[in-house]
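Take the sequence shown: its letter number 114 is residue 114 in the UniProt record's numbering, and every next letter is one higher. Don't be surprised by glycine CBs; every beta carbon is placed ideally from N, CA and C. One structure is given here, and the rest of the page talks about it.
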Amino acid sequence: MSKKKASKPSNKSQNPVEKPVAISDTFNPKPLQVGLGLLIAVFAAYGLIWQNGLVWDDDPYILLNDAVKEFDLKALLTDFHVGNYHPLTMLTLAVEYLFAGESPHLYHFNNLWLHALNSTLVFVLIKRLNQSSWVALLTAGFFALHPLHVESVAWAAERKDVLYTLFLLLSLLMYVNFKERGETKHYVWALILFILSCLSKGMAVVLPALLVITDWWFLSKEEKPFSVKIWKEKIPFFAITLFFAYIATTAQKDAGADASAVIGAAYTGFERVRIVAYSFLFYWFKTLVPIDLLPFYPYPPRVGGNIPGIYNLALIGLLVFLGLTFFLGRKNKKIWWAVSFFVIAISTVLQILPVGSAIVADRYYYLSSIGPLFLMSNYLGKGIEKGVALKYVSFGLLGICAALTFNQVSHWKNGYTLFKPAEKFYPEDAMVLSNLGWYYLGEKDFTTAKEYLTHADNNGFKNADVCRTIASMYIDEGQYDMAIPYINRAYQYLPVKSRTDWLMALALSKQNRNDEALPYAQKAVNGEPENQDFQATYASILANTGHGEEARQLYAQLNENDEESPDFRLNYAYSFRADGDLNKEVELLKALINDHPDYMPAYKNIGVSLSELGRHDETVLYWEKAAELDASGDYEYNIGINYANRNMVDKAVPWYQKAARKGKAEAIDLLTRNGVAY
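Okay, structure coming up:
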């Protein structure tokens, strides 16, 4: 019996086990697919935006901006707006105003799709820089849904953020195309898009430095960091940066912004270093813990001559952060690129040179967030590719971000919902107080508005608008002496302003100090010759200072501009009274009443002038007509006084009684003291 040979094991398994396929090999979504998904996610996360109005700086940018409302193309393209030069942004707002006016929905809609588009471009950029689809998708997802971006998206005035980022990312992608393909057209497009980005917001000037670090760590692998070629390609970009940096500096000076001097005087050099450290770490901390987000974060108070201890800890934290970056970045260029991208993108507002009155701002994080979000997504994405269950963790984090964003959007409904949470953290901050004051002013709650604005002014808010508004409210209340100190402070904070001149003229003229008021009124009109309120006040003061003919010429001009305005005709008639020609005034007032029979001030003036002319029966006749139209009892009371002054008490009493029945306090008091029923 022959011996069987042992069979050799086969190299092929009867039930072969398939080699695990990496997730990255099967997951490769197209930009269009990603873009559609991000668009849906953004509109869902920002679902509450449709109940939001226009808030905060939307007033100077849109609602009170004549260039936007009148589509003044020259002003839109050449003027500075709120201390900035961003003509392309202003042009988009003006076009929207043509279609939507003061309705907020179109502004919000456009910000949303622009944000979704930017998120898609983030996906394309990260994918192009030789990263995996998972890393690119997570970076884009966090960019789309991170609550720290709500300020840039839900605030109409921050159109500049989403717009400049759009053009900057497109420029960066064109530059990547140029480096990969060497075609000059891509380089030219990169320059054009960079200019458009700078025309949207001045912060775009950081792009050349972003190109440099992208070259170093991703594109120019065979070139040394300081090679001539890398820097030569950037010369036109840096030239554009210098040009727009000069414009931005000029715009800030034109607006009277002098934050550097104020902060420099308030803090020592070492304190400013700690403030920069705090600002730096704030954004990285809020990347991971995006709660208690506010519209305004003030500079720290000095308690006992020192800033709070957390700023000392921030300096230590920054040193640790930099140490970890150096240590971990030795073998991982992505860490260097992410941190460098953040630092460069936010460098203009990192308070190295103080900018504005806020130490940090959520909107500053918009472009710069690509660095931290890429770094976080890189670790999560690589874990997913290795089959780790981090996919569910990542989706969970995106869900948390979406929920927080959904809630944060509701804070931008109006000035109250926006700044009331900030008041809890900074109850004495003048910026917070003033914005709550503006909200109540818009709601016509003048008492509360004045309380907040006065509190802001008392807390060192050196703002001319606040002082002028307080002064206006005192003038409306008839407290002219109280108004003048605030007007003087407005001059101190912003010396050249026609509205301040007008308020001073108004306050003085209301106290019959017309000779003092005249130069202020003239200055106001010279500053804004088209302002009819200023012209009307000037004409009134002219009439009261013996310049009747000049006043009438101005009133005639006002009537030509607005023939239907009874106010101007009333004042025109009054100018004759100021010259002592009561008969001419009465003649004009009769014509005014004939054309505008419901215009009550004309009845008051004609009655007074007729009484002075001794034509009392005509006075009573006109005031009887006015009494039929007026519910206050004023005219009945005045008729009673007219009869009483002529010793016709029997006729006076019935009119006093009619006035009392309408609730006229003076009539009630008079009748009560004399024991007369009403």
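When rounded, the separation of the alpha-carbon atoms in Arg615 and Ile475 is 34 angstroms. Judged by DSSP secondary structure, Ile541 falls within the alpha helix (DSSP H) whose first and last residues are 532 to 544. Our two residues, Asp215 and Thr500, have alpha carbons roughly 53 angstroms apart in a direct line.
The Cβ atoms of Phe27 and Asn130 lie no closer than 8 angstroms to each other. In the structure shown, Val303 falls within a strand segment according to DSSP collapsed to helix, strand and coil. For Asn463 and Leu503, the gap between their C-alpha atoms comes out near 16 angstroms. Looking at the DSSP output, Tyr297 shares a beta bridge with Val360. At a Cβ-Cβ threshold of 8 angstroms, Glu385 and Ser197 do not count as neighbours. For Asn674, the number of other beta carbons within 10 angstroms of its own is below 16, and it is reported as exposed. When rounded, the separation of the alpha-carbon atoms in Glu636 and Ala659 is 5 angstroms.
With respect to the C-alpha of Leu570, the residue from Gly546, Asp595, His547 having the closest C-alpha is Asp595. DSSP places His616 within a helical segment (H, G or I) once states are collapsed to three. Our two residues, Asn544 and Ser609, have alpha carbons roughly 16 angstroms apart in a direct line. Where Arg128 is concerned, the enclosing alpha helix (DSSP H) starts and stops at 105 to 128. Under the Cβ criterion (8 angstroms, minimum of three pairs), the region 193 to 212 counts as touching the region 160 to 179. Sixteen is the threshold: when 16 or more other Cβ atoms of the shown chains lie within 10 Å of the Cβ of Glu96, as they do, the residue is buried. Runs of the beta strand (DSSP E) lying entirely within the region 336 to 414, each at least 3 residues long, are 358 to 360 in chain order. Taking 8 angstroms as the cut-off, the beta carbon of Phe194 is found no closer than this to the beta carbon of Ala209.
By the neighbour-count criterion, in which a residue is buried when 16 or more other Cβ atoms sit within 10 angstroms of its Cβ, Pro295 is buried. Sequence-distant Cβ neighbours of Arg577 in its own chain, meaning closer than 7 angstroms and more than five residues away, are Glu585, Ser609. In the same chain as Pro87, and ignoring 5 residues on each side of it, the C-beta atoms closer than 7 angstroms to its own belong to Leu76, Leu77, Leu199, in chain order. With fewer than 16 other CB atoms across the displayed protein chains lying within 10 angstroms of its CB, His105 is exposed. Under the DSSP assignment, Val95 falls in the alpha helix (DSSP H) whose first and last residues are 87 to 100. DSSP places Glu70 outside any alpha helix (DSSP H), giving it a letter other than H or E. Considered as a whole, the UniProt domain "Glycosyltransferase RgtA/B/C/D-like" (115 to 248) harbours 133 to 145, 150 to 154, 159 to 181, 184 to 198, 207 to 214, 228 to 232 as its complete alpha helix (DSSP H) runs of no fewer than 4 residues, in chain order. DSSP places Asn647 in no alpha helix (DSSP H); its state is neither H nor E. Ala157 is positioned such that its CB atom lies no closer than 8 angstroms to that of Asp66.
In the three-state reduction of the DSSP assignment, His81 falls in the strand class, which pools E and B.
Under the three-state reduction of DSSP, Lys584 is assigned to helix. A straight-line Cα-Cα distance of about 45 angstroms links Ser279 and Ala505.
The Cβ neighbour count for Arg274, taken over all protein chains shown within 10 Å, is at least 16; the residue is labelled buried.
Inter-residue distance for Gly663 and Ala631 is about 9 angstroms (C-alpha atoms, whole angstroms).
Taking each of Val150, Thr120, Lys69, Asp79 in turn and checking the Cα distance to Lys413, the smallest one comes out for Val150. In the three-state DSSP reduction, Asn459 falls in the coil class, being neither helix nor strand. For Gly47, the three-state secondary structure derived from DSSP is helix.
Residue Phe143 holds the alpha-carbon nearest to the alpha-carbon of Leu367 among Trp623, Phe143, Leu508.
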